[in-house]
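Undergrad: Dropping a structure here in structure tokens format, bear with me for questions.
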Amino acid sequence: MKIEKLIPGKQADFDPVVGIDIGSRAAKGVLLYRDEIYTQTLTTGMIMQDSADKLLKNLLDQAGLERKDLKYIIGTGYGRVAFSFPDIPGNIISEISAHAMGVHYMNPKAKTIIDIGGQDSKAIRVNPNTGRVDSFIMNDKCAAGTGRFLEKVANILCLEVDDIGELSLKSEKDLSVSSRCVVFAESEVISLRAKNEKIEDIIAGVHLAAAQRVYTLLKRVTIEPDIVFSGGVSRNIGMRAAFERLIGTKIEIPVFDMNYGGALGAAVYAQEYANGHIDAEKDTSNADEVDLNPIRNAVQERTRELIEDKDTFKKVGHVCSYVPMELLNASGVRHARFMHAGTQDEVAAGERFTSATNCDVTKSLVGLFETGDPLMRSFDRLVLFQTCDPMKKTVDLVNERYIPSKMYLLPRNRTAENSRIFFRNEVEEFRRDLEELTGHSIDEEEIRKQIHLGNEVKALLRKISGLRKRNYPALKGKDFLEIMKSYYYLPPKQQIELYTKLYEELEAQEEKKDTPVRIMITGGIVAEGDSKVLDIIEDEFNARVVIDDFCTGYNPIHLDTKEDGDVIQNIAEAYLDSAPCARMVPLEDRLQYSLSLAEEYRVDAVIYKYMKFCQCYGMTRNAYVQAFQEKGIPLLEISGDYSFGDIGQIRTRLEAFLEVVKEKKLGVKK
Amino acid sequence: MAKISEHVEANSQHEFISYRKKETQKYSEGIPRLLDLAENYVSDAEKAAAEGKKVAWVTEVAVMAYATGTIPVTHSELGRLASPESIVIAENHFQTPRDICTMVNVCLGEWYLRRNKINRIVGDNNMCEAFNMAWELLKRDGFEVHRIEGTCPTARLSEEGKKHRYELYKKELEDLGRWLNDGNDIDQESLRYWLDFENNIHGKIKHIMDLRAKNPLFLKSLETLYMLIGSTNYFGKPEEYKKAIELIEKELEEDKYHPDASNIIPLIWTGGRGQEFSIFQTIDEFGGAILGWEIPTPYHMTYDLSLPPIDALTKANFEHYHIGPTMQRAQFTKRQVDRFGAKGVLIYHYIGCSLGGIHRELTRNYFHEIGVPCLAFDGNFDVGAPSGQLITRVKAFMEMLS
Numbered sequence: 001m002k003i004e005k006l007i008p009g010k011q012a013d014f015d016p017v018v019g020i021d022i023g024s025r026a027a028k029g030v031l032l033y034r035d036e037i038y039t040q041t042l043t044t045g046m047i048m049q050d051s052a053d054k055l056l057k058n059l060l061d062q063a064g065l066e067r068k069d070l071k072y073i074i075g076t077g078y079g080r081v082a083f084s085f086p087d088i089p090g091n092i093i094s095e096i097s098a099h100a101m102g103v104h105y106m107n108p109k110a111k112t113i114i115d116i117g118g119q120d121s122k123a124i125r126v127n128p129n130t131g132r133v134d135s136f137i138m139n140d141k142c143a144a145g146t147g148r149f150l151e152k153v154a155n156i157l158c159l160e161v162d163d164i165g166e167l168s169l170k171s172e173k174d175l176s177v178s179s180r181c182v183v184f185a186e187s188e189v190i191s192l193r194a195k196n197e198k199i200e201d202i203i204a205g206v207h208l209a210a211a212q213r214v215y216t217l218l219k220r221v222t223i224e225p226d227i228v229f230s231g232g233v234s235r236n237i238g239m240r241a242a243f244e245r246l247i248g249t250k251i252e253i254p255v256f257d258m259n260y261g262g263a264l265g266a267a268v269y270a271q272e273y274a275n276g277h278i279d280a281e282k283d284t285s286n287a288d289e290v291d292l293n294p295i296r297n298a299v300q301e302r303t304r305e306l307i308e309d310k311d312t313f314k315k316v317g318h319v320c321s322y323v324p325m326e327l328l329n330a331s332g333v334r335h336a337r338f339m340h341a342g343t344q345d346e347v348a349a350g351e352r353f354t355s356a357t358n359c360d361v362t363k364s365l366v367g368l369f370e371t372g373d374p375l376m377r378s379f380d381r382l383v384l385f386q387t388c389d390p391m392k393k394t395v396d397l398v399n400e401r402y403i404p405s406k407m408y409l410l411p412r413n414r415t416a417e418n419s420r421i422f423f424r425n426e427v428e429e430f431r432r433d434l435e436e437l438t439g440h441s442i443d444e445e446e447i448r449k450q451i452h453l454g455n456e457v458k459a460l461l462r463k464i465s466g467l468r469k470r471n472y473p474a475l476k477g478k479d480f481l482e483i484m485k486s487y488y489y490l491p492p493k494q495q496i497e498l499y500t501k502l503y504e505e506l507e508a509q510e511e512k513k514d515t516p517v518r519i520m521i522t523g524g525i526v527a528e529g530d531s532k533v534l535d536i537i538e539d540e541f542n543a544r545v546v547i548d549d550f551c552t553g554y555n556p557i558h559l560d561t562k563e564d565g566d567v568i569q570n571i572a573e574a575y576l577d578s579a580p581c582a583r584m585v586p587l588e589d590r591l592q593y594s595l596s597l598a599e600e601y602r603v604d605a606v607i608y609k610y611m612k613f614c615q616c617y618g619m620t621r622n623a624y625v626q627a628f629q630e631k632g633i634p635l636l637e638i639s640g641d642y643s644f645g646d647i648g649q650i651r652t653r654l655e656a657f658l659e660v661v662k663e664k665k666l667g668v669k670k
Numbered sequence: 001m002a003k004i005s006e007h008v009e010a011n012s013q014h015e016f017i018s019y020r021k022k023e024t025q026k027y028s029e030g031i032p033r034l035l036d037l038a039e040n041y042v043s044d045a046e047k048a049a050a051e052g053k054k055v056a057w058v059t060e061v062a063v064m065a066y067a068t069g070t071i072p073v074t075h076s077e078l079g080r081l082a083s084p085e086s087i088v089i090a091e092n093h094f095q096t097p098r099d100i101c102t103m104v105n106v107c108l109g110e111w112y113l114r115r116n117k118i119n120r121i122v123g124d125n126n127m128c129e130a131f132n133m134a135w136e137l138l139k140r141d142g143f144e145v146h147r148i149e150g151t152c153p154t155a156r157l158s159e160e161g162k163k164h165r166y167e168l169y170k171k172e173l174e175d176l177g178r179w180l181n182d183g184n185d186i187d188q189e190s191l192r193y194w195l196d197f198e199n200n201i202h203g204k205i206k207h208i209m210d211l212r213a214k215n216p217l218f219l220k221s222l223e224t225l226y227m228l229i230g231s232t233n234y235f236g237k238p239e240e241y242k243k244a245i246e247l248i249e250k251e252l253e254e255d256k257y258h259p260d261a262s263n264i265i266p267l268i269w270t271g272g273r274g275q276e277f278s279i280f281q282t283i284d285e286f287g288g289a290i291l292g293w294e295i296p297t298p299y300h301m302t303y304d305l306s307l308p309p310i311d312a313l314t315k316a317n318f319e320h321y322h323i324g325p326t327m328q329r330a331q332f333t334k335r336q337v338d339r340f341g342a343k344g345v346l347i348y349h350y351i352g353c354s355l356g357g358i359h360r361e362l363t364r365n366y367f368h369e370i371g372v373p374c375l376a377f378d379g380n381f382d383v384g385a386p387s388g389q390l391i392t393r394v395k396a397f398m399e400m401l402s
């Protein structure tokens, strides 16, 4: 088909370039050649490469070309990671960038894009001058508001998914469908059927509910005309009507079938790559390897001692960074912090006593006890300074079923005089409990000594972290997390020895001139083993996490503890004054702290990462978004769990986000 | 199986209340009055605020509000008002994640919708994380929020530790008194008066609960819940509430209306307050009667007036079982099971409540181990149309016990 037929007046002269978009339900391909556009779609098969090969063959046949004629090929969509066309110059891009470019090509005035596919929905802000993504939001691991959701409802009502849009327009009555998830919606739809509600009214309610989900995303990127509907679901006129009702303005749907929006965008990008407008070479420069083996081995050895020793010393497990380590060290107990991301089996075991809406941190802790984890079972006591309510209840559970456990209160009103007096008493209670556990008193001078050692350790760790302010930090974000793990396992003197050596090695490394994208991760706990986001950022996209604003990262070492005067009061105040957790009041303190870290470490962008079902960081996410937006720092939020089922979606988001950030940082060749 | 009464199809709590008012007017003067008070509580409080009276959203410290001449409106009332719009506002304006519990989403949305009516909120830090975060978000929308630091006894707490936690809580209540009282210390005699008033109300409630055990169909489940909820906030009208429950007490004593309850299934309710009319309607229709309640409203509490009033209040709230360890609550529930000869326990929480999740599982496990049948289920805080799936589970449980 002539491109001019789709876009009147559009002059086009493409080299033979192809865009292939392998989605979860359908594989789409677009070939651009001279002033013609060729399209093809297939149902996505089990083997993504086969789908891509078939599409390509069909497109080439339509255009009368051969593989060797192709100038460039771009893959996008969920299947992009499996692409391999070794005989054709090519690359992969995220479907977010692809859809933005596809829409831009069809409608250069477009500023806001609604893109709904089989398993994703996205709200995208596109730059009308370049077709590049300005910002975007994507649904999390939930089918509500996606094509799958509509398909499921159509199945329940014995309808064809292609018919439901038109049917919904016949509705005469508003019905409420909450659509919290596909499962709940299914139950609701069945209830509505049982009440003899008309199918068209139910379907319209479902469309409105699905649109509402995406509308929530749209509001987060700011809605501005022209608004264009793209993706497979754009064919559904019922969804378009639902959006128009919610937004109160017209939704544009180009003449071109926007099911091919992603593939078209990929093809347009392919031409840019072919023209050399975009540098296709991956940034492969890596910093020198950092040898963390001495630290790693010391932690392993310490863990072995904790597990194997039966009588020599008392052992305390602790949860949360607010547990005063100075007192643990002064008491002579051996201790370790729970910071383990549970395996699938451990999380599943934890579900015996948790609900579906508990986070995986909670489930992992319960799961470790349920599965008889030797480290957790080796502790004489588990202690918690009130992290959050689910953890409070978890400690209740551990105390009831596994080992003696106790929770100490941590006041939220951290600056209030009442709180500061009170928290001293809670720390004092902790001291008494440690004395009772070990059978000997904890000398004040020993506490002072431990405060001093602790300050030395924190200062060293801050120095190590400070090296990440260099243009190309030698230390990766995940390396720093490994070091921080040792902070919770090793005795201070051993830490000082190991960290001093490490600092000297790092400091001696020559500074590189490269400037990778500098990322700050902020939000809730990033447990040991929960490194998928860091892995993708640092290993796949060569960006650097230069500062980790969370409780298993930099935050606990942020502040020293006063050494003179009342040592217990000093400890209480040091923990209350340290980098605040989101549960502390006021929230503004937390936001200011994050902003100051971002500035100190010169970050280009922020990843706001939190555990699914974490109320503290989930509820406050928008406050973070607004705070960083005001400073002009791009922020991407990612919520998730310890499974790997969402890794594809996370990769898509990170890839698109880093594309945007990189372009902003380095500029775009045009 | 218990006889099923005629099913009434109600699509909202208002419809159900209207229906119950008509039904109960046939044999009671007190119950329709109680339902009126419950139904008009928030709108009347908002009118009072518009007239310049002191009004604040509070948690379980309504007595402090009364002692400072403030009309308290308890957070839990927002559920009764909930419109689908409230959830939309929570998700759009506040951008709360979908997995946050309905209670918090609804409250956030409703507070926002009512932001120009009553904009003072007392937040108890003991409440769940989501509520605590919600108050911080509301501050950004111009609400004046006073936070009371939450303390409670926990497992393995020493006497010394308990004393310190008690002291903190007392200071926090004193601060709250000043906040409610325009910066002035709370008048101790006024506080004593309202503590005594509440003791008196609680005494009547306990008596009604005893009488109701013998005549369970006089006051049905949702009406009983309203009565309990009103036992601390009086729906903003203390004397009218007192009059309503005195009438109910008298009517139960006179025993003029006493439907046959020989096949009744005695039950205990534990967890959230619920307020989903459809659940209570189902329980009633299937011959159940909730005789004992373990809910956040401390209707069984008695203030020790031999103590200075602020101590009497602090002590009673501090020792309230509901905020303590799960086993303490489960044991309270077990005593209710024994007292009323209950055949089963209903464990209720709101969808998405992560605090309630582990508590629920521990409670279920406890009753399972001692052989008391229980049904754990999650409900919605926004009391919209009944969920078929939920009703099916309640029905099946009732059938199992009958």
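Same order as they appear, the protein sequences are chains A and B.
With this note's numbering as the guide, the letters of the first sequence map in order to residues 1 to 670.
With this note's numbering as the guide, the letters of the second sequence map in order to residues 1 to 402.
For glycine and all other residues, C-beta sits at the position ideal for the given N, C-alpha and C.
Which residues of chain A have a Cβ atom closer than 9 Å to the Cβ of B/His368, listed in chain order?
TA: Those within 9 Å of B/His368 in chain A number zero; the least Cβ separation is about 12 Å.
Undergrad: Considering Cα atoms alone, identify which of B/Ser354, B/Arg335, B/Pro325 is closest to A/Glu400.
TA: Minimum Cα distance to A/Glu400 is reached at B/Pro325.
Undergrad: Cα-Cα, which of A/Thr522, A/Ile20, A/Tyr617 is closest to A/Leu264?
TA: It is A/Ile20.
Undergrad: When you compare each of A/Ala582, A/Glu599, A/Asp604, A/Thr652 to A/Ala623 by their alpha carbons, which one comes out closest?
TA: Comparing Cα positions, the closest option is A/Ala582.
Undergrad: Buried or exposed: B/Phe367, going by 16 or more other Cβ atoms within 10 Å of its Cβ?
TA: By the neighbour-count rule (16 or more Cβ atoms within 10 Å), B/Phe367 is buried.
Undergrad: So what does DSSP say about B/His368, is it helix, strand or coil?
TA: B/His368 falls in the helix class under three-state DSSP.
Undergrad: On a CA-only basis, which of B/Gly344, B/Ile358, B/Gly379, B/His349 is nearest B/Glu399? Give me that one, please.
TA: Nearest option by C-alpha distance: B/Gly344.
Undergrad: What do you reckon, are the CB atoms on B/Ala134 and A/Met611 nearer than 8 Å?
TA: For B/Ala134 and A/Met611, no; Cβs fall outside 8 Å.
Undergrad: Hey, A/Ile227 and A/Ile253 are a contact pair by Cβ (cut 8 Å); roughly how many whole angstroms apart?
TA: Contact doesn't hold; Cβ gap of about 10 Å is too wide.
Undergrad: Using alpha carbons as the reference points, say which of A/Thr303, A/Gln494, A/Phe628, A/Gly439 lies closest to A/Arg337.
TA: With distances taken between Cα atoms, A/Arg337 lies closest to A/Thr303.
Undergrad: Is it buried or exposed, A/Thr222, if we count other Cβ atoms within 10 angstroms and call 16 or more buried?
TA: That one is exposed.
Undergrad: Verify whether the separation of the beta carbon atoms of A/Lys109 and A/Arg125 is less than 8 Å.
TA: Result no, Cβ atoms of A/Lys109 and A/Arg125 do not sit closer than 8 Å.
Undergrad: Beta carbon of A/Gly439, beta carbon of A/Met484: below 8 Å?
TA: Going by C-beta atoms, A/Gly439 is not nearer than 8 Å to A/Met484.
Undergrad: If we define contact as Cβ-Cβ less than 8 Å, is A/Met138 a contact residue for chain B?
TA: No, its Cβ sits nowhere closer than 8 Å to a Cβ of chain B.
Undergrad: Based on Cα-Cα distance, which residue from B/Lys334, B/Ile391, B/Ala342, B/Ala330 lies nearest to B/Leu362?
TA: Considering only alpha carbons, the answer is B/Ala330.
Undergrad: If I'm right that B/Tyr350 touches B/Thr59 with Cβ under 8 Å, what's the distance once you round it to whole angstroms?
TA: That belief does not hold up - the Cβ atoms of B/Tyr350 and B/Thr59 are roughly 16 Å apart, past 8 Å.
Undergrad: Within the segment 137-189 of chain B, note down every full beta strand (DSSP E) run reaching 3 residues or more, in order along the chain.
TA: Segments of the beta strand (DSSP E) lying fully in the segment 137-189 of chain B: 144-148.
Undergrad: Can you give me the C-alpha to C-alpha distance between B/Leu252 and B/Pro216, rounded to a whole angstrom?
TA: So the alpha carbons of these two residues sit roughly 10 Å apart.
Undergrad: For B/Thr24, which residues in the same chain have their Cβ closer than 8 Å to its Cβ, ignoring the five residues on either side in sequence?
TA: Closer than 8 Å at the Cβ level, and outside the excluded window around B/Thr24, lie Ile31, Pro32, Leu35, Glu223.
Undergrad: Whole-angstrom Cβ separation of A/Ile650 and A/Lys532, contact assumed at under 8 Å?
TA: Right, the Cβ-Cβ distance comes to about 7 Å (below 8 Å), so this counts as a contact.
Undergrad: Check whether the Cβ of A/Gly118 lies closer than 8 Å to any Cβ atom in chain B.
TA: Taking Cβ atoms only, chain B never reaches closer than 8 Å to A/Gly118, which makes this a no.
Undergrad: Should A/Glu281 be labelled buried (16 or more other beta-carbon atoms within 10 Å of its own) or exposed?
TA: Note on A/Glu281: pLDDT 48, under 50, position unreliable in the model; no value is reported.
Undergrad: Could you give the distance in angstroms between the alpha-carbon of A/Leu65 and the alpha-carbon of A/Val81?
TA: Distance between the alpha carbons of A/Leu65 and A/Val81 is about 26 Å.
Undergrad: If the cut is a Cβ gap below 7 Å, which residues of chain A does B/Glu172 touch?
TA: Chain A residues near B/Glu172: Asn418.
Undergrad: List, in chain order, every chain B residue whose beta-carbon is nearer than 7 Å to that of A/Val585.
TA: Glu136, Arg147, listed in chain order.
Undergrad: In or out: A/Ser285 buried (at least 16 other Cβ within 10 Å) or exposed?
TA: Because the pLDDT of A/Ser285 is 48, which lies under 50, any placement of that residue in the model is unreliable, and the question is left without a value.
Undergrad: Please confirm whether A/Asn622 has its beta-carbon closer than 8 Å to some beta-carbon of chain B.
TA: At least one chain B Cβ lies under 8 Å of A/Asn622.
Undergrad: Considering only DSSP beta bridges, list what A/Phe136 is partnered with.
TA: Beta-bridge pairing links A/Phe136 to A/Ile124.
Undergrad: For chain A, check one thing: does any of its Cβ atoms lie closer than 8 Å to the Cβ of B/Ile358?
TA: Yes, its Cβ sits closer than 8 Å to a Cβ of chain A.
Undergrad: Which chain A residues are close to B/Glu160, counting only those with a beta carbon under 9 Å from its beta carbon?
TA: The contacting residues are Asn425, Glu428, Glu429, Arg432.
Undergrad: Taking only beta-carbon positions, decide if A/Asn58 is within less than 8 Å of chain B.
TA: No - not a single Cβ of chain B is within 8 Å of the one on A/Asn58.
Undergrad: Decide if B/Thr232 is buried, meaning its Cβ has at least 16 other Cβ atoms within 10 Å, or exposed.
TA: Buried, because 16 or more other Cβ atoms sit within 10 Å of the Cβ of B/Thr232.
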